[in-house]
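Residue numbers (mature numbering (1 follows the signal peptide of the UniProt record, and there is no 0)): -21 to -1, 1 to 235.
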Amino acid sequence: MTVFKVLSIATLSSLSLSAFAADFSFDRPGAGMGTGITPVGRLAWEQSLPAASYSESRDENGEKVKNTTLNADMLFRTGLAKDLELQLGWQGPTWSKTKVAGRSVEDDGLGDVSIGLKKAIDLNDEKLSMAILAEAIIATGNEGFSAEDDIYSLTSAVAYDYSDTIGTSMTMRYEVQDGDWAVSAIPGLEYQIAGNLSGFSELVYRKAESTDQEVSLASGLTYAVSDRMQLDASVGLELTGGHKNYQSGLGVSYLF
């Protein structure tokens, strides 16, 4: 093989990978869903490093309950077709510490697994994109770290790029667990800050049967290390309820 052919193949491979990266986007961070599909034959690994949450509430005796949780969830995505991908997730290992009246109890365990199919919808618009995800969360985790009953959901996301630096999105999630329904609405805003550094903000509204509505606000940063690798950091807080609830997270995502 001549030197010219070797250089030509290397150049075409580089351009091909760049094209893949241009059409692909990670779903981390945030509760909203992206509209990008993993290229066929590629694998995306999205890993929490980990996520942390802290909450304060009152028990039936009026004692203050403080709970701290660390969770290293992960998601694997692989392309099955140009507009279709398979998702396999695991809520991963979890550690928790609960403090009541000066006494602390620590516990740890493994979370549930999930499987889903995500499909892009062609809207014939360069700035407007859409995707839907059908997912099942299988309650296989340890007691205290599991949803206890399987959760089946259908999620849709629509994203609109106002410009090269500002984009908006709207995610709707409908789920059913043991016959009870819940709906979530997640409007989001993404904006480029400088170079490979970008930011996002989102509002999460959730209402389940026989429970009060939940509203939370989250914001964070993403840094594109390369076309295939992304780092992220985020913080959030619950705006409803009579107790404190905070979340934070670090993560890394890589496209193989």
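Glycine is no exception: its CB is placed at the ideal position from the N, C-alpha and C atoms.
None of the values given here were measured: they were computed from a predicted structure.
Under the three-state DSSP convention, the category residue i falls into
i: Ser93; result: strand
i: Leu102; result: coil
i: Arg56; result: strand
i: Gly41; result: coil
i: Arg7; result: coil
i: Ile16; result: coil
i: Thr223; result: Looking at the sequence shown, residue 223 is not Thr but Lys. DSSP places Lys223 in coil when its eight states are reduced to three.
i: Asn121; result: coil
i: Gly158; result: coil
i: Leu218; result: coil
Extent of the continuous beta strand (DSSP E) run through residue i
i: Asp128; result: Where Asp128 is concerned, there is no enclosing beta strand (DSSP E), given that its DSSP letter is neither H nor E.
i: Tyr202; result: Glu193 to Ala203
i: Glu35; result: Leu22 to Arg37
i: Leu63; result: Leu63 to Trp69
i: Pro72; result: Pro72 to Val79
Contact under 8 Å by Cβ, residue i with residue j
i: Gly230; j: Gln26; result: yes
i: Lys186; j: Ala203; result: no
i: Tyr131; j: Ala115; result: yes
i: Ser205; j: Ala23; result: no
i: Glu181; j: Gly9; result: yes
i: His222; j: Glu39; result: no
Closest residue to residue i among the options (Cα-Cα distance)
i: Thr119; options: Glu105, Asp191 and Ile94; result: Ile94
i: Asp86; options: Asn50, Val183 and Arg7; result: Asn50
i: Glu105; options: Ser142, Ile111 and Ile165; result: Ser142
i: Tyr153; options: Ser135, Leu28 and Met109; result: Ser135
i: Lys98; options: Glu188, Thr144, Gly13 and Ser83; result: Gly13
i: Glu188; options: Ser75, Lys76, Gly158 and Trp69; result: Gly158
i: Ala113; options: Arg207, Thr144 and Val155; result: Val155
i: Glu127; options: Leu107, Ala164, Ser108 and Leu89; result: Leu89
i: Ser108; options: Arg21, Tyr184 and Met149; result: Met149
i: Lys43; options: Gly215, Lys78, Leu216 and Ala30; result: Lys78
i: Leu28; options: Val92, Ser227 and Phe235; result: Ser227
Beta-bridge partners of residue i, as assigned by DSSP
i: Met208; result: Tyr233
i: Tyr170; result: Ile145 and Gly178
i: residue 240; result: Missing from the structure shown is residue 240; the chain here goes from -21 to 235 and no further.
i: Ser189; result: Answer by DSSP bridge pairing: none, since Ser189 is not bridged.
i: Ala164; result: Met151 and Tyr184
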